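Take a look at the structure set out below.
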Amino acid sequence: MTLCRRCIHQVCSGIALSDSYPLHLYRRYKASSLMVRDEAWEKAFIQQKPKDVMRKFSDEELLEFHRKGLTDREISEKLGVTQAAVNYRREKLGLENNYKPITFSDQQLLTLYNQGLNDREISETLGVTQAAVNYRRGRLGLASNYIPERIFLTLYEKGLSSEEIAHELDAPLPAILHRMKKLEIVSEHGVAEAEV
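Set out below in structure tokens:
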């Protein structure tokens, strides 16, 4: 018995997939007309209706959420429909998309990078994805500020200075100082500045 036939028989007999819609299985497994002729299949196909029937929504509902500034994704979640349905209806009504991508300048990235923040920390600060920061940093020719914590702590425990750690890890000094501050480690660089 083929996988398709076994699946159809399980659905028709109620053994498995009791909440599945047979038409979905028919399309998915490309059941032949011979399989569909099976009496149990026809009975299940006629009696069973999809559980996730698309909820209908009015133009007024869409307009209300659109006026509030919600994006298509947010509107679809509120209305319980697909994002594609909201997008289609919004375009049909001639409404602009409320989605505005969050952008950041090279200067903002450089400022945070020079403070020693890594890509994850920069992305959290700017409210963008880590991939966006990584991409832009790469285009600017900047090395990653990522410092493996275990290696960093090992070098620190050996008594290396922040400059020596930066040299060993081939990382910018601000990144090392930022990591020390984050781990609440006092660097001799900071101590020297405090004594002056």
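Quick note, the sequence shown lines up with residues -19 to 176 if you use my numbering.
Glycine residues also receive a C-beta, built at the ideal position from the N, C-alpha and C atoms.
Just so you know, these numbers come straight off a predicted model, no measurement behind them.
Endpoints, alpha helix (DSSP H) assigned at residue i
i: GLU44; result: 39 to 47
i: VAL66; result: 63 to 72
i: ASP86; result: 86 to 94
i: ASN114; result: 110 to 119
i: ARG53; result: 52 to 59
i: GLU129; result: 129 to 137
i: LYS80; result: Here LYS80 belongs to no alpha helix (DSSP H), and DSSP marks it neither H nor E.
i: LYS36; result: Here LYS36 belongs to no alpha helix (DSSP H), and DSSP marks it neither H nor E.
i: SER164; result: Reading off the sequence, residue 164 comes out as Glu, not Ser. Where GLU164 is concerned, there is no enclosing alpha helix (DSSP H), given that its DSSP letter is neither H nor E.
i: ALA146; result: 142 to 149
i: LEU106; result: 99 to 106
Where residue i falls, given that 16 or more other Cβ within 10 Å makes a residue buried
i: GLY49; result: exposed
i: ILE118; result: For the sequence presented, residue 118 should be read as Gly rather than Ile. By the neighbour-count rule (16 or more Cβ atoms within 10 Å), GLY118 is not buried but exposed.
i: SER56; result: buried
i: TYR136; result: buried
i: LYS29; result: Since pLDDT at LYS29 reaches only 48, below the 50 mark, its modelled position is unreliable, and no value is offered.
i: GLY96; result: buried
i: ILE181; result: Outside the modelled stretch of the chain, which goes from -19 to 176, sits residue 181, for which no answer is possible.
i: HIS147; result: exposed
i: LEU120; result: exposed
i: ALA123; result: exposed
i: ILE145; result: buried
i: ALA64; result: exposed
i: GLY130; result: Reading the sequence as shown, one finds Arg at residue 130 and not Gly. Per the 10 Å Cβ criterion, exposed.
i: ARG35; result: exposed
Between the CA atoms of residue j and residue i - distance to the nearest angstrom
i: ASP39; j: ARG53; result: 16 Å
i: TYR93; j: ASP86; result: 10 Å
i: ALA155; j: TYR79; result: 34 Å
i: THR134; j: PRO128; result: 10 Å
i: PHE37; j: GLY74; result: 17 Å
i: ASN77; j: GLU71; result: 8 Å
i: LYS31; j: ARG100; result: For LYS31, the predicted model reports a pLDDT of 47, less than 50, meaning its position is unreliable and no value from the coordinates is stated.
i: THR83; j: THR105; result: 12 Å
i: LYS162; j: THR51; result: 36 Å
i: LEU143; j: HIS46; result: The question names Leu, but residue 143 in the sequence shown is Glu. C-alpha separation (whole angstroms): 54 Å.
i: VAL171; j: ARG159; result: In this prediction, VAL171 has a pLDDT of 45, which is less than 50 and means its spatial position is unreliable; nothing more can be read from the coordinates.
i: TYR115; j: THR62; result: 30 Å
i: VAL66; j: GLU44; result: 13 Å
i: GLN110; j: LEU89; result: 12 Å
i: LEU149; j: GLY107; result: 28 Å
i: THR91; j: LEU59; result: 41 Å
i: TYR126; j: PRO152; result: 10 Å
i: TYR68; j: PRO81; result: 20 Å
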